[in-house]
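For the sequence shown, the positions run -24 to -1, 1 to 262 when mature numbering (1 follows the signal peptide of the UniProt record, and there is no 0) is used.
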Amino acid sequence: MRRLPLPMVLSLVASLMAPVPGRAEDQGAPPSAPSIGADSVKPGKPAVKAYLSDEALPDPLKILPPPPALHSPLDAADHAAFTSTRSLKGSARWNLAANDVAEGAVAVLDNFACVLGVRIDQARVPVTLNLLERARLDLAHMTRIPKVHYRRLRPFVGNDAPICVQRTQALADSFSYPSGHATQGWAYALIVAALVPEKATAILSRGRAYGESRVVCGVHWLSDVAAGRTNGSSTFAALMGDAGFRADLDKARTEMRAALAAGGTAPDAALCARETEALREPPLEF
């Protein structure tokens, strides 16, 4: 087994000794990330509140299975997927994965531009953006709990294989299971599909690929992404049980229909061509 460099070992030990906080806003952040138990406040913008109370959220530790055991068949599949996808560097799929690193309501909604056929003017959809940002806080909490419970290392730790983002100590010290991007991407796909049901197939296909981009990127194991989809689905189910979320969803549906009818800027043709090429590839699987 390859030994980790001493500075990395010390850093990981320090992170393992850190206390487990409550809610955290950054899905991929190490345990020292700020709490989001309070409202998320940005200068010049009103506070954003999560929809669900702690009591209303499902327990991800009871829903998600543990990460694959060392040397188990699923662990072997995880390593095989990481190794095989390193050869994608420089390909259309690799470039799409690099583009999919961006997260949050604005970035992910923009990632659906090709399947929607238009880049929606953000000023036209304030209700939709608020819906996604509030849901993001619930998704962050659902991701944070298993991340700090299992403390799984990311696949690039301890090797020099290429990844599609810059290697940083903060990224290496953050935890891998489940994928926050996959959780958010799949839940957002479910929400946007509910807003634009006539394009549900294309939207959900794009949401699936958004999560798989984390495997292509080399920053998550395949099982992290599978768990992220389950995590996103369970959070979406809980949100659908909340009257406030359902009311905002109905308002956002009306808003999105008006925005799509009004048209807007056409999405980048080269990006959409690359996305189409990448989505022709079969889904990553165990």
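Glycine residues also receive a C-beta, built at the ideal position from the N, C-alpha and C atoms.
Fair warning: this is a prediction, and the values are worked out from it, not measured in the lab.
Kindly identify the DSSP beta-bridge partner or partners of residue i.
{"i": "Arg95", "result": "Thr241"}
Exposed or buried, residue i, counting other C-beta atoms within 10 Å across all chains shown (16 or more means buried)?
{"i": "Ser189", "result": "buried"}
{"i": "Met216", "result": "exposed"}
{"i": "Ala137", "result": "exposed"}
{"i": "Val195", "result": "buried"}
{"i": "Arg69", "result": "buried"}
{"i": "Ser8", "result": "Reliability of the predicted coordinates at Ser8 is poor, the pLDDT of 32 falling under 50, and the value obtained from them is presented with this limitation in mind. Label assigned to Ser8: exposed."}
{"i": "Glu231", "result": "buried"}
{"i": "residue 289", "result": "The chain is shown from -24 up to 262; residue 289 falls before or after that span and cannot be answered."}
{"i": "Thr177", "result": "exposed"}
{"i": "Gln145", "result": "exposed"}
{"i": "Asp244", "result": "exposed"}
{"i": "Ser48", "result": "exposed"}
{"i": "Gly66", "result": "exposed"}
Just verifying my parser: in three-state terms, what is the DSSP assignment at residue i?
{"i": "Asp200", "result": "helix"}
{"i": "Ala137", "result": "coil"}
{"i": "Leu33", "result": "coil"}
{"i": "Val189", "result": "Strictly speaking, residue 189 in this sequence is Ser, with Val absent from that position. Correct three-state label for Ser189: helix."}
{"i": "Gln3", "result": "With a pLDDT of only 37 at Gln3, under 50, the local geometry of the prediction cannot be trusted, and the value read off the model is given with reservation. If DSSP states are grouped into helix, strand and coil, Gln3 belongs with coil."}
{"i": "Arg128", "result": "coil"}
{"i": "Pro102", "result": "helix"}
{"i": "Gly161", "result": "helix"}
Output yes or no for whether 7 Å exceeds the beta carbon distance between residue i and residue j.
{"i": "Phe151", "j": "Lys123", "result": "yes"}
{"i": "Gly187", "j": "Ala158", "result": "yes"}
{"i": "Asp76", "j": "Leu198", "result": "no"}
{"i": "Leu115", "j": "Ala81", "result": "no"}
{"i": "Gly204", "j": "Asp97", "result": "no"}
{"i": "Pro154", "j": "Asp200", "result": "yes"}
{"i": "Pro34", "j": "Ala214", "result": "yes"}
{"i": "Glu251", "j": "Leu72", "result": "yes"}
{"i": "Ala235", "j": "Val103", "result": "no"}
{"i": "Phe212", "j": "Leu166", "result": "yes"}
{"i": "Gly93", "j": "Thr119", "result": "no"}
{"i": "Ala185", "j": "Leu113", "result": "no"}
{"i": "Ile39", "j": "Ser209", "result": "no"}
{"i": "Phe132", "j": "Ile121", "result": "no"}
State the CB to CB distance for the pair residue i and residue j, rounded to an integer number of angstroms; the pair is presumed to be in contact (CB under 8 Å).
{"i": "His125", "j": "Leu28", "result": "Contact doesn't hold; Cβ gap of about 19 Å is too wide."}
{"i": "Val91", "j": "Lys175", "result": "6 Å"}
{"i": "Cys248", "j": "Ala74", "result": "Not confirmed; about 16 Å, so no contact."}
{"i": "Arg110", "j": "Val168", "result": "Rounded, the Cβ-Cβ distance is 15 Å, inconsistent with contact."}
{"i": "Ala57", "j": "Val191", "result": "6 Å"}
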